[in-house]
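First up is the structure itself, then whatever we jot down about it.
2 protein chains.
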Amino acid sequence: MPRKISESTVGRLSLYLRFLEEFERRGVTTVSSQALAVRGGTTAAQVRKDLSLFGSFGKRGLGYSVPELTAAVRKILGLGRQWRVALVGAGRIGSALFEYGDFRQRGFRIVCVFDSDPEKVGRAWGDVKIEDSAGLTEKLGREQVDIAILAVPVDVVQEVSDRVVEAGVGAILNFAPTQLHVPPSVAVQHVNMSVELEALSFALSRVEGAA
Amino acid sequence: MPRKISESTVGRLSLYLRFLEEFERRGVTTVSSQALAVRGGTTAAQVRKDLSLFGSFGKRGLGYSVPELTAAVRKILGLGRQWRVALVGAGRIGSALFEYGDFRQRGFRIVCVFDSDPEKVGRAWGDVKIEDSAGLTEKLGREQVDIAILAVPVDVVQEVSDRVVEAGVGAILNFAPTQLHVPPSVAVQHVNMSVELEALSFALSRVEGAA
DNA sequence: ACATGTGAACTGCTTCACAGCG
DNA sequence: CGCTGTGAAGCAGTTCACATGT
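Going down the list, the protein sequences come from chains A and B.
Everything in the first sequence is counted per the numbering used here, starting at 3 for the first residue and increasing by one.
Everything in the second sequence is counted per the numbering used here, starting at 3 for the first residue and increasing by one.
The structure is reproduced here in structure tokens:
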């Protein structure tokens, strides 16, 4: 196993996995790097390089066995187990995420939900009761949470993040539009929809300006 | 203006803008590249390089004027106008996006919403009526939509994308976990929450494995 | 013959270090 | 003196091209 794998490689592996699962459902038994590349919007060489960082999964002259490669990529991504996830923030975004079936299906189980609004605390979402954020640090440790999803307002997210880290959680998915400061041992990913929209705004104004 | 600007630069500019707006609210009049770097999780040199791609906005020995730089970055990102946005898919994610105040505040106005579920068609969200996806292509052209947000299931998203492109929309924000195939003149951004979670899964299993 | 796996070349982003200017 | 603006150096990710194996 190599020391350092780039973000981009990991992201592409996730995409390949989806295509592989689709091929599997359709009963396809073999794929070439070329086929994966077309679906993923990249090149065959890139696919082979990504995979070669973790081993040799293909057969020369033939391609990759779909079931074998699927299993291999799942394992690489650490999807062989259930991950215990906490959702902090039971607003609009939190609610959409809770209902998002894809997560559960991929082994991410939301085991607790927090909110600071007394109106919401005590309500049940499915079989999970919304708890008061006050007890967050303690509960996260007790529940052995692996990943925390932060869907809280930007002005409190750093404080929430600090408490999550204190509880020993090693990974954070942040929906607030700011950079979190965490120890290097904690993995952080961002989802920032406004930033994506602004990238589109930028692209659009460029082509207009060029006309 | 330079020919090619990287995705990463544009993303960072969006972040800088948020910090600048925050400084502005707090009445700070001047920032250094260093101050922006700390907030954005990058380096002072990177900030200066990003900005220098578009011009000289600072004063040597002093830093940047907050109001001036804010205005400059807004202009660079094309945020000086209202963008007309269509939301396709009125499910959980669509609903969360519709309510997401940040968009409107930054000049992205959702002017129409589509869904293919007859149950939903005809209902009103605020002052926008949900329309049948059947009339999508025609309506998008009539409404002069700039950007389409696709929050539809993965198995129909390519078809929806084709119709959106046909209507002449130049920018797409895609929430479905697949690569869209569009002409090079159309700008596409992705938001893929499962991919982000899988990156965390990958990171977590690495540190465990290393122990 | 065909498709993988991979060193080598290349491209482009990031970091460095310092000249330039307030 | 302090901080910006920027060529040059360094580094990382991508693409190329071919040896390797079926």
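Backbone N, C-alpha and C fix where the C-beta goes; we use that ideal spot for every residue, glycine too.
Keep in mind it's a predicted model, so treat the numbers as computed, not measured.
Which of helix, strand or coil DSSP assigns to residue i
i, result
"T180 (chain B)", "coil"
"T32 (chain B)", "strand"
"E133 (chain B)", "strand"
"R59 (chain A)", "Strictly speaking, residue 59 (chain A) in this sequence is Phe, with Arg absent from that position. Here F59 (chain A) sits in coil by DSSP."
"I7 (chain A)", "coil"
"Q160 (chain B)", "helix"
"L79 (chain B)", "coil"
"Y66 (chain A)", "strand"
"D52 (chain A)", "helix"
"A213 (chain B)", "Interpretation of A213 (chain B) is limited by its pLDDT of 49, a score under 50 that renders its predicted location unreliable; no figure is taken from the coordinates."
"Q84 (chain B)", "coil"
"D104 (chain B)", "helix"
"R111 (chain A)", "strand"
"E171 (chain B)", "Reading off the sequence, residue 171 (chain B) comes out as Val, not Glu. V171 (chain B) falls in the coil class under three-state DSSP."
"V40 (chain B)", "helix"
"V166 (chain A)", "helix"
Residue environment, residue i, which counts as buried when at least 16 other CB atoms sit within 10 Å
i, result
"D52 (chain B)", "buried"
"D129 (chain A)", "exposed"
"E200 (chain A)", "buried"
"R20 (chain B)", "buried"
"Q36 (chain A)", "exposed"
"D117 (chain B)", "buried"
"T180 (chain A)", "buried"
"A213 (chain A)", "Because the pLDDT at A213 (chain A) is just 47, under 50, the model does not fix this residue reliably, and the value given afterwards should be weighed accordingly. With fewer than 16 Cβ atoms within 10 Å of its Cβ, A213 (chain A) is classed as exposed."
"Q191 (chain B)", "buried"
"A39 (chain A)", "buried"
Per-residue contacts from residue i into chain B (C-beta, under 9 Å)
i, result
"P185 (chain A)", "The premise fails here: P185 (chain A) is roughly 12 Å from chain B at the closest Cβ pair, so nothing lies under 9 Å."
Alpha-carbon spacing of residue i relative to residue j, whole angstroms
i, j, result
"A153 (chain A)", "V193 (chain A)", "10 Å"
"N176 (chain B)", "I151 (chain B)", "6 Å"
"L99 (chain A)", "I95 (chain B)", "8 Å"
"L138 (chain B)", "E145 (chain B)", "10 Å"
"F59 (chain A)", "L71 (chain A)", "6 Å"
"I174 (chain B)", "I149 (chain B)", "6 Å"
"I7 (chain B)", "R27 (chain A)", "40 Å"
"V197 (chain A)", "L79 (chain B)", "10 Å"
"R62 (chain B)", "V12 (chain A)", "41 Å"
"R14 (chain A)", "L182 (chain B)", "14 Å"
"D227 (chain A)", "L17 (chain B)", "What the structure shows of chain A is the stretch from 3 to 213, and residue 227 (chain A) is not part of that stretch, so it cannot be assessed."
"T44 (chain A)", "V188 (chain A)", "30 Å"
"P69 (chain A)", "D157 (chain B)", "21 Å"
"S34 (chain B)", "G65 (chain B)", "5 Å"
"V147 (chain A)", "R108 (chain B)", "35 Å"
"E101 (chain A)", "L202 (chain A)", "28 Å"
"A136 (chain B)", "E161 (chain B)", "12 Å"
"V171 (chain A)", "I112 (chain A)", "14 Å"
Chain A contact residues for residue i, given Cβ-Cβ distances below 9 Å
i, result
"D164 (chain B)", "Result: empty, since nearest Cβ-Cβ is about 16 Å, beyond 9 Å."
"I149 (chain B)", "L199, L202, S203 and L206"
"V209 (chain B)", "G172, S187 and A189"
"W85 (chain B)", "L199, L202, S203 and L206"
"P179 (chain B)", "S16, L17, R20 and D104"
CB contact check: residue i to chain A, cutoff 7 Å
i, result
"S196 (chain B)", "yes"
"G79 (chain B)", "Note on identity: in this sequence residue 79 (chain B) is Leu, with Gly being the wrong assignment. So, interface residue."
"E101 (chain B)", "yes"
"D104 (chain B)", "yes"
"R76 (chain B)", "no"
"G29 (chain B)", "no"
"S8 (chain B)", "no"
"F175 (chain B)", "The question names Phe, but residue 175 (chain B) is Leu in the sequence shown. Chain A contact via Cβ: present."
"V115 (chain B)", "no"
"V33 (chain B)", "no"
"I68 (chain B)", "According to the sequence displayed, residue 68 (chain B) carries Val and not Ile. No, V68 (chain B) does not count as interfacial toward chain A."
"V167 (chain B)", "no"
"V1 (chain B)", "Nothing about residue 1 (chain B) can be read from this structure; chain B reaches only from 3 to 213."
"V193 (chain B)", "yes"
"V12 (chain B)", "yes"
Proximal residues of chain B, C-beta to C-beta of residue i below 7 Å
i, result
"E145 (chain A)", "The contacting residues do not exist; E145 (chain A) stays about 16 Å from chain B at best."
Short CB-CB distance (under 7 Å) between residue i and chain B
i, result
"D157 (chain A)", "no"
"Q36 (chain A)", "no"
"V130 (chain A)", "no"
"F59 (chain A)", "no"
"I95 (chain A)", "yes"
"Q160 (chain A)", "no"
"R20 (chain A)", "yes"
"G43 (chain A)", "yes"
"A98 (chain A)", "yes"
Contact set between residue i and chain A, taken where Cβ atoms lie within less than 7 Å
i, result
"F110 (chain B)", "L199"
Contact list for residue i against chain A, beta-carbon separation under 8 Å
i, result
"V90 (chain B)", "In chain order: nothing, as chain A lies at least about 15 Å away."
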